[in-house]
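Taking it in order: structure first as structure tokens, then the write-up.
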Amino acid sequence: MIIKLMIVTLSKERKGDDFLFDTGSIQWDKEVDVIVLGSGGAALTAAVAAAENGANVLVLEKTHQIGGTTAYSGGVPWIPLNHYMKEAGFEDNREDAITFIKRLSLGRADDHMIETFVDKGHEIIKFLHDNTPVKFTTPLSYPEYYKRMDEALKNGTRSLDPAPFDLNEIGEWGALLRQNPIFPPLTLEEGGAVGGIDFQLVAERMQKNIVTMGRSLVASLFKACLDRGVETLIETAGKDLVINNDGQVIGVVAETKDGEILHFAASKGVILASGGFEWNKQLIKAFLKAEITHPVTPPGNEGDALMMAMKAGAALANMSEAWWYPAMVDPTFEYEDHVMAQLGSGRNGPNSIIVNKYGRRFVHEGTTYNDMPRSFFNFDPVKMEFPNEAPVWLIFDQQLKDSQLIITMMPGDPAPEWVDQADSIRALAEKIGVDPDGLEDEIRKWNEYCEQGEDPDFHRGTIQFEALTTGGGSPENNLGKIEKGPFYALPIYLGALGTNGGPKINENGQVVDFKGEPIKGLYAAGNASANPLGPIYPSAGGTIGPAMVFGFLAGQHAANLAEQPAVNY
Amino acid sequence: MPQGTHIVEVPLNINTIWEFVHDMNNWAPLVPGYINHEILSESQSTWAFKGDLGFMKKTVKLKIDIKEWNEPKEVIFDLSGLSDNFNGGGYFLAEPIDEEHTKMTGHLDITAGGMMGAMVNQILTNFVPETAQELTDNIVKKLLEINLVK
């Protein structure tokens with residue numbers, strides 16, 4: 373009752389913009405130095421940094437589990453010059469890293485943000501290594517995705533593989549760590565993301581409660597938070613920022629799952645780190661080039677942070693971009709009441725091509741998961757259509773079926789009923805609604821290219837990513853005829869590992885307004901912010917690397933501010 | 002081998018229980034995550050249900066072969082995956098305590114095979130006993146509901 377009365381009071385005392393409050397009237401439920409919204413990699417790194425610098429920190433997580441998108445992921449940060457590389461004997465240098473990032477970003481990122489990332493990232497990883505349970509190894513067999521580009525690192529990898537972590541270390545919070553149905557409890561190096569899985573080891577890890585990849589990163593960061601007295605509330609969603617009459621963010625209005633409204637004061641800052649907007653259809657329609665129909669993320673990422681930042685007057689950047697993924701589906705799997713989008717596989721292998729509705733190839737099938745779906749957006753100004761609009765189709769034959777794990781189909785297992793198959797290419801095309809003449813012609817051409825050992829149309833067999841851990845693309849690895857029936861087809865949808873547009877931040881992780889001035893008391897990191905490196909995914913860990921770095925910088929900066937003088941409560 | 006046994010005392014006569022249990026159509030919808038079933042013969046049926054594995058849900062199709070109908074106390078069955086690689090079996094056992102009370106036991110065991118078997122069996126370690134308990138409890142609840150109405 374008291375809370376309801378308070379809300380009425382607030383609404384009566386709104387001044388001008390509807391997010392400005394007479395802060396003198398607010399009855400705070402809790403007062404802390406720093407509030408962090410979200411509990412993924414960016415959020416928890418921010419919380420660790422703030423607490424390490426003496427701040428009293430409160431983490432608010434909307435869902436019933438901690439870990440956000442990071443727990444659901446491989447948990448790999450991509451960090452140039454990190455000390456693990458040096459220990460593994462790999463050389464890296466600042467100028468090469470900066471040149472490479474600039475090359476990929478195509479002029480769409482600020483130089484000083486790239487430099488900040490390169491200069492601070494390895495220091496942060498070293499800090500975490502020396503002072504927290506957050507440990508990594510260098511995945512020796514997992515090279516850089518763009519290794520064959522002139523500007524790329526040729527020897528070694530900047531990706532970091534979270535070390536296995538005993539979930540019992542975080543006590544009862546372990547049961548609240550977001551589950552990861554995508555990756556088994558293996559490290560990247562052990563094959564967690566590329567196959568060749570030791571299922572016996574998986575079973576042992578599950579039995580002993582040992583986690584890896586994204587769950588390891590989150591659990592170890594969370595332990596670091598617990599060690600520093602950070603408080604976490606789950607099922608408590610940040611709904612609105614409290615901004616005083618000086619335009620300074622001084623707190624958060626939150627809502628519990630039971631609908632209770634709570635007011636939390638933050639004397640030093642609020643850090644938005646609650647993920648992107650890939651599960652918000654309205655925001656997707658407003659900003660992205662096409663609808664992400666199959667996010668490969670937890671459903672809680674609904675753009676809460678973006679909307680709060682927009683209301684606060686944030687400048688936005690990178691808004692039409694996401695961390696794209698060509699998602700596939702085994703419809704028998706569901707995650708939190710949605711058919712689960714899966715990472716799929718098979719598209720890099722021989723004996724397969726990807727075609728559009730005309731039965732035509734339109735892209736190098738084995739390019740990185742962030743790059744390949746960009747071809748979905750090509751516009752045909754004569755036909756006035758997007759001919760490659762998803763779903764597109766992975767077409768493959770029995771040879772690939774017999775040799776690779778494809779989504780959840782093990783080699784040798786009978787094809788499940790949800791996979792379209794036919795004894796002829798023509799019959800398959802008719803079954804899936806693809807132009808049969810086009811598909812027959814395309815496969816005839818593909819088989820000729822395989823005989824020649826060269827793909828002049830799209831250059832299959834030439835890039836690193838399409839045979840990432842087996843020496844890179846080559847005609848032997850990647851060109852194989854589609855000739856042995858039955859023939860199969862699987863739809864590929866537009867998926868994403870999250871969006872990467874949002875409020876623009878500066879080198880301190882502060883959200884800036886349209887004049888480039890920091891909005892006092894407001895920070896953002898991870899998918900809740902615009903990626904400071906622009907629309908790029910440099911290699912494994914391209915999302916989490918910048919998320920952790922700018923999360924840390926935000927937490928550090930907020931904690932080191934003097935208690936904000938304009939806060940009036 | 003992931004397995005679970007659940008025992009419950011039911012305040013009903015054993016014949017009342019048998020009357021319900023001997024017809025699979027009566028209790029098939031009580032299987033947790035039930036989607037549908039089809040009776041193929043007196044001893045064979047196919048089932049589809051959505052198993053809640055905690056971290057995700059998985060739709061599976063399986064075939065049930067009744068091995069023994071021992072009226073009025075026992076139904077023993079084998080099961081095999083149609084959509085996935087697993088096998089197993091189970092039973093319902095009813096034992097009279099007195100004229101108006103019966104001890105009812107539900108048992109289920111499922112073992113996954115193939116390359117992923119070790120991993121899947123670890124996942125099933127909790128799922129199978131929970132399912133055995135939930136199914137048995139659901140049947141008891143339904144029995145009581147029906148007989149209270151009568």
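Sequence order for the protein chains is A and B.
Quick note: the first sequence, position 502, residue 874 per my numbering, numbers continuous.
Quick note: the second sequence, position 56, residue 57 per my numbering, numbers continuous.
Glycine residues also receive a C-beta, built at the ideal position from the N, C-alpha and C atoms.
On a predicted model such as this, the values are computed, not experimentally measured, just so you know.
Residue i, buried or exposed, once every other Cβ within 10 Å from all chains shown has been counted against 16
i               : result
E674 of chain A : buried
V754 of chain A : exposed
K773 of chain A : buried
G412 of chain A : buried
Q45 of chain B  : exposed
R466 of chain A : exposed
L144 of chain B : buried
L866 of chain A : buried
E562 of chain A : buried
F751 of chain A : exposed
L41 of chain B  : exposed
R386 of chain A : Its pLDDT being 38, under 50, R386 of chain A is placed unreliably by the model, and nothing is read from it.
S747 of chain A : buried
K629 of chain A : exposed
M756 of chain A : exposed
P1 of chain B   : Lying before the first or after the last residue shown, residue 1 of chain B is absent from chain B, which here runs from 2 to 151.
T137 of chain B : buried
N552 of chain A : buried
G980 of chain A : Because chain A spans 373 through 941 in this model, residue 980 of chain A falls outside it and cannot be assessed.
heavy atom of the ligand ZN below 7 Å from residue i C-beta
i               : result
I664 of chain A : Because no ligand of any kind appears in the structure shown, any question about the ligand ZN cannot be addressed here.
Residues that DSSP places opposite residue i in a beta bridge
i               : result
G89 of chain B  : B:L80 and B:I111
E403 of chain A : A:A637
F537 of chain A : A:V583
G411 of chain A : Note on identity: in this sequence residue 411 of chain A is Ser, with Gly being the wrong assignment. In DSSP, S411 of chain A forms no bridge with anything.
6 Å CB neighbourhood of residue i in its chain, flanking five on each side removed
i               : result
W790 of chain A : P703
K74 of chain B  : A95
L149 of chain B : none
I908 of chain A : L476 and S477
H108 of chain B : T6, G91 and Y92
G874 of chain A : L678, A900, S901 and A902
L432 of chain A : L409, L605, T608, G610 and A626
A133 of chain B : G5, H7, G107 and L109
V668 of chain A : Y697, A699, A713, G867 and L869
E603 of chain A : L430
G648 of chain A : N673, G870, T871 and N899
N540 of chain A : N581
G927 of chain A : A418, A421 and A422
Residues of its chain near residue i, where Cβ-Cβ distance is below 8 Å and the 5 sequence neighbours each way are ignored
i               : result
E10 of chain B  : I98, H102, T103, K104 and M105
I486 of chain A : I470, I473, K474, S477, P904 and L905
S383 of chain A : Because the pLDDT at S383 of chain A is just 38, under 50, the model does not fix this residue reliably, and the point stays unresolved.
D813 of chain A : G731
T504 of chain A : V420, S592, L593, K595, A596 and D599
Residues near residue i in its chain [Cβ-Cβ closer than 7 Å; skip 5 each side]
i               : result
K376 of chain A : Because K376 of chain A carries a pLDDT of 31, less than 50, the predicted location of this residue cannot be relied on, and the following value inherits that uncertainty. None.
P515 of chain A : T529, Q836 and L840
D389 of chain A : Bear in mind that the predicted position of D389 of chain A carries a pLDDT of just 45, short of 50, making it too unreliable to give a figure here.
T740 of chain A : Y517, F837 and Y909
R480 of chain A : G906 and P907
N86 of chain B  : A113, G114 and G115
I67 of chain B  : S44, V76 and F78
F489 of chain A : P904, L905, P918 and V921
E135 of chain B : P33
P12 of chain B  : E101 and H102
Quiz item: Can you give, in chain order, each stretch of the beta strand (DSSP E) that sits fully within the segment 662-719 of chain A and has at least 3 residues?
Solution: With a minimum length of 3 residues, the continuous beta strand (DSSP E) runs that stay inside the segment 662-719 of chain A are 694-707 and 710-714.
Practice problem: Answer yes if the segment 577-592 of chain A comes into contact with the segment 443-456 of chain A, meaning at least three C-beta pairs across the two stretches below 8 Å, and no otherwise. | Solution: A contact between stretches requires three or more CB pairs, one per stretch, nearer than 8 Å, and the segment 443-456 of chain A meets this requirement with the segment 577-592 of chain A.
Exercise. Give, in chain order, every unbroken run of the alpha helix (DSSP H) that is at least 4 residues long and sits entirely within the segment 733-799 of chain A.
Key: Runs of alpha helix (DSSP H) with 4 or more residues, each lying fully within the segment 733-799 of chain A, are found at 770-775, listed in chain order.
Quiz item: Can you list the alpha helix (DSSP H) stretches of 4 or more residues lying completely in the segment 841-877 of chain A, in chain order?
Solution: The segment 841-877 of chain A contains these whole alpha helix (DSSP H) runs: 847-850.
Quiz item: Can we say the segment 642-661 of chain A touches the segment 844-857 of chain A, given the rule of at least three CB pairs closer than 8 Å?
Solution: They do not touch, by the three-pair rule.
Quiz item: In chain order, which continuous runs of the beta strand (DSSP E) of length 3 or greater are located wholly inside the segment 884-917 of chain A?
Solution: Whole beta strand (DSSP E) segments, 3+ residues: 890-896.
Quiz item: Is it true that the segment 876-888 of chain A meets the segment 825-836 of chain A, where meeting means three or more beta-carbon pairs spaced less than 8 Å apart?
Solution: The segment 876-888 of chain A and the segment 825-836 of chain A do not touch, with fewer than 3 CB-CB distances between them shorter than 8 Å.
Quiz prompt | Cβ contact check for the segment 16-25 of chain B and the segment 916-923 of chain A: 3 or more pairs under 8 Å | solution = The segment 16-25 of chain B is not in contact with the segment 916-923 of chain A.
Quiz item: For the segment 722-742 of chain A against the segment 673-690 of chain A, are there 3 or more C-beta pairs whose distance is under 8 Å?
Solution: As far as the Cβ criterion goes, the segment 722-742 of chain A does not touch the segment 673-690 of chain A, which means the pair count is below three.
Self-check item: Inter-stretch contact (C-beta, 8 Å, three-pair minimum) for the segment 408-423 of chain A and the segment 591-610 of chain A
Solution: Between the segment 408-423 of chain A and the segment 591-610 of chain A there are three or more inter-stretch CB-CB distances shorter than 8 Å, so the stretches are counted as touching.
Quiz item: So, do the segment 639-652 of chain A and the segment 612-627 of chain A have three or more beta carbon pairs nearer to each other than 8 Å?
Solution: Judged by Cβ distances under 8 Å, the segment 639-652 of chain A makes contact with the segment 612-627 of chain A, as three or more pairs qualify.
Quiz item: Touch check for the segment 527-543 of chain A and the segment 800-809 of chain A: three-plus C-beta pairs under 8 Å?
Solution: Below 8 Å, too few C-beta pairs join the segment 527-543 of chain A and the segment 800-809 of chain A to call them touching: fewer than three.
Quiz item: Taking the runs of the alpha helix (DSSP H) that are 4 residues or longer, which of them lie wholly in the segment 427-500 of chain A?
Solution: The segment 427-500 of chain A contains, as complete alpha helix (DSSP H) runs of 4+ residues, the segments 440-443, 455-460 and 466-477 (chain order).
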